[in-house]
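I have placed the structure first, in the form of structure tokens, so that the comments after it can refer back to it.
There are 2 protein chains.
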Amino acid sequence: MPNPSTSMYDAMSTQRAVRRLRTDPIPPEVLERILEAGTWAPSGGNTQPWRVVVVREGARKQRIAELYQAQWAQYAALYRRGLSRLSGEALAKQERTLAAGDYLAGHFGAAPVLLVYCFNPQLMAITDSDLDRPSVVGGGSVYPAIQNTLLACVSEGIGCTLTTLLCREEAAMKEILAIPQDWYTCAVVPLGYPVGKGHGPITRRTVAQQCYAESFGESLVV
Amino acid sequence: MPNPSTSMYDAMSTQRAVRRLRTDPIPPEVLERILEAGTWAPSGGNTQPWRVVVVREGARKQRIAELYQAQWAQYAALYRRGLSRLSGEALAKQERTLAAGDYLAGHFGAAPVLLVYCFNPQLMAITDSDLDRPSVVGGGSVYPAIQNTLLACVSEGIGCTLTTLLCREEAAMKEILAIPQDWYTCAVVPLGYPVGKGHGPITRRTVAQQCYAESFGESLVV
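Quick mapping for you: the protein sequence lines, in order, are chains A and B. Quick note: to get our numbering, add 2 to the position in the first sequence (first position is 1). Quick note: to get our numbering, add 2 to the position in the second sequence (first position is 1).
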């Protein structure tokens with residue numbers, strides 16, 4: 003049930019990847035709140051170097067869905083091969099995730115809304131661009147905005163999940179959405195009311211597993 | 003005032019960069035909640051490819067602060083040169099931000115807690131790593147967790163701001179914090195109760211400015 007006054011900790015602790023979405027439209031006032039939550043996020047130098055294309059037209063969603071399905075098929079095949087060393091509940095859990103991913107890929111264009119996030123690196127100060135490892139800092143000015151929107155979805159009862167597979171089809175995506183040369187894509191988020199229970203219990207590593215004291219690997223006593 | 007039940011939209015819409023921090027310690031139960039909020043965030047393949055080193059020891063904070071101050075001095079000098087074309091309120095606003103940045107740099111080691119975020123790219127599927135533009139997708143598995151912690155800070159009345167300047171001193175940071183070879187740094191977040199009003203009104207671009215319909219640049223009518 004939509005509940006815009008959900009406490010923040012409740013929303014965060016129930017943010018699942020919801021991959022089975024109903025086709026019902028999202029009411030305009032709900033979509034507006036979800037999008038506005040994104041605009042509130044901080045960004046380096048407050049440049050807000052992202053834009054989001056809200057895709058609701060059937061034909062356009064379908065073109066994007068076809069690209070997604072092909073990428074998912076490749077990814078899922080690799081993922082399935084990696085499961086051969088698992089068994090029991092661990093295997094069953096991974097298979098449930100894969101089945102939900104298959105469902106999403108098969109129904110990608112049926113989600114009422116696809117949010118396609120774009121960014122412009124010229125508006126970013128990427129402090130790790132010269133290092134000899136993958137750069138991530140540019141993401142620090144776009145993913146907080148996306149996370150705000152995802153949390154807003156949780157609080158509004160809208161299913162959603164952050165996908166990045168379509169970066170592998172960036173040229174085609176830029177053509178479908180008329181994205182200018184100096185803008186690129188960083189995520190596609192399908193939105194819709196959930197088929198099942200939607201957001202709810204999550205499985206995550208604990209504070210003790212993620213957080214250290216004073217130096218890397220040292221147990222934290224808060 | 004700490005208020006763990008703050009509505010999510012209230013927290014998001016008042017998330018400022020708070021750069022003037024008191025030296026008072028952060029109560030353990032508050033720190034625990036802030037850190038736990040981060041662990042709840044989604045990540046690609048649920049690998050949670052980040053760790054955070056919680057730095058509270060004075061000498062260690064001081065070494066980090068010295069690196070930050072030097073980087074800030076360089077950055078601020080460039081930033082100040084860029085202000086020559088501004089005047090009036092626009093200039094005054096930028097100068098207030100710079101003054102707050104100067105304050106933060108001068109007091110970096112006096113914040114009761116520095117959160118140093120690390121990531122491991124081997125735990126990430128970076129779908130934009132082969133593109134001919136800066137990669138950001140790795141950030142999609144770390145900055146949502148950091149954003150959760152920052153939002154938790156807002157709701158707890160803790161001042162904070164996401165900094166990435168210290169990526170320019172990654173080798174030194176890795177040595178100070180004993181970060182293993184295959185882990186890297188992506189943000190440092192100083193935490194503390196605010197000297198002034200702390201979180202509050204923000205200046206952001208609107209939904210109309212950030213969101214398009216169907217293709218890039220097309221006005222969105224929600």
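For every residue, glycine included, the Cβ atom is placed at its ideal position computed from N, Cα and C.
For Q17/B, the nearest beta carbon of chain A is closer than 8 Å to its own beta carbon.
Around the beta carbon of D130/A, a 10 Å sphere encloses 16 or more other beta carbons of the protein chains shown; the residue is thus reported as buried.
Your pair P196/A and R24/A checks out as a contact, with CB atoms roughly 7 Å apart and the cut at 8 Å. Around the CB of Q50/A, 16 or more other CB atoms lie within 10 Å, so the residue is classed as buried.
Every alpha helix (DSSP H) stretch that sits fully inside the segment 26 to 83 of chain A and reaches 4 residues is listed by chain position as 30 to 41 and 60 to 83. Within chain B, the C-beta atoms nearer than 7 Å to that of T129/A come from T166, L167, C169 and R170, in chain order.
Scanning its chain for C-beta atoms nearer than 7 Å, with the 5 sequence neighbours on each side dropped, one finds around L167/A the residues Y70, Q73, W74 and Y77, in chain order. A distance below 6 Å between beta-carbons, with the five flanking residues on each side excluded, links G194/A to the following residues of its chain, in chain order: L23, R24, A113, P114 and G161.
Assignment of S9/A by DSSP, reduced to helix, strand and coil, places it in the strand class. Note that the C-beta distance between W52/B and F218/A is not below 8 Å.
Closer than 7 Å at the C-beta level to chain B, one finds these residues of the segment 12 to 39 of chain A: A13, M14, S15, Q17, A19, P30, L33, E34, L37, E38 and A39.
The segment 209 to 223 of chain A and the segment 30 to 50 of chain B touch, with no fewer than 3 CB-CB distances between them shorter than 8 Å. In the structure shown, T187/B adopts extended strand secondary structure according to DSSP, grouped into three states. A buried status is given to A147/A, since no fewer than 16 other beta-carbon atoms sit within 10 Å of its beta-carbon. Taking all protein chains shown into account, E171/A has 16 or more neighbouring C-beta atoms within 10 Å of its C-beta and is therefore buried. Contact of P182/A with chain B by beta-carbon distance below 7 Å involves F218.
Around the Cβ of K95/B, a 10 Å sphere holds fewer than 16 other Cβ atoms; the residue is exposed. Between the alpha carbons of L116/B and G200/B lies a gap of roughly 17 Å. Apart from the 5 residues on each side of it in sequence, N150/B sits with its Cβ closer than 7 Å to the Cβ of A39, G40, W42 and A43 in its chain, given in chain order.
Close CB contacts of Q64/A within its chain, under the 7 Å cut and outside five residues either way in sequence, are with G111 (chain order).
Shown in chain order are the members of the segment 103 to 130 of chain B whose Cβ falls below 7 Å from a Cβ of chain A: C120, F121, P123, I128, T129 and D130. The beta carbon of Y195/B does not come within 8 Å of any beta carbon belonging to chain A, so the residue lies off that interface. For Y214/B, the chain A residues whose Cβ falls inside 8 Å of its Cβ are R53, V54, V55 and V56, in order along the chain. Contact check for C155/A against I36/A passes: the beta carbons are separated by less than 8 Å. In the displayed model, L88/B falls within coil according to three-state DSSP, outside both helix and strand.
Within the model, the alpha-carbon separation for L222/B versus L179/A is close to 14 Å. Q17/A counts as buried, since no fewer than 16 other beta carbons sit within 10 angstroms of its beta carbon. Not one beta carbon of chain A lies nearer than 8 Å to the beta carbon of Q64/B. Put simply, of L152/B, E34/B, R62/B and A127/B the residue whose alpha carbon is nearest the alpha carbon of L80/A is A127/B.
For chain B, the residues of the segment 144 to 162 of chain A that bring a beta carbon within less than 9 Å of one of its beta carbons are V144, Y145, P146, A147, I148, Q149, N150, L152, L153, A154, V156 and S157, in chain order.
If you look at C213/B, you'll find it in the beta strand (DSSP E) that goes C213 to A215.
DSSP places V156/A inside the alpha helix (DSSP H), whose first and last residues are Y145 to E158. In this structure, the beta-carbon distance from S137/B to S137/A falls below 8 Å. Beta bridge pairing from DSSP links V118/A with V55/A and V190/A. The Cβ atoms of Y11/B and G142/A lie no closer than 8 Å to each other.
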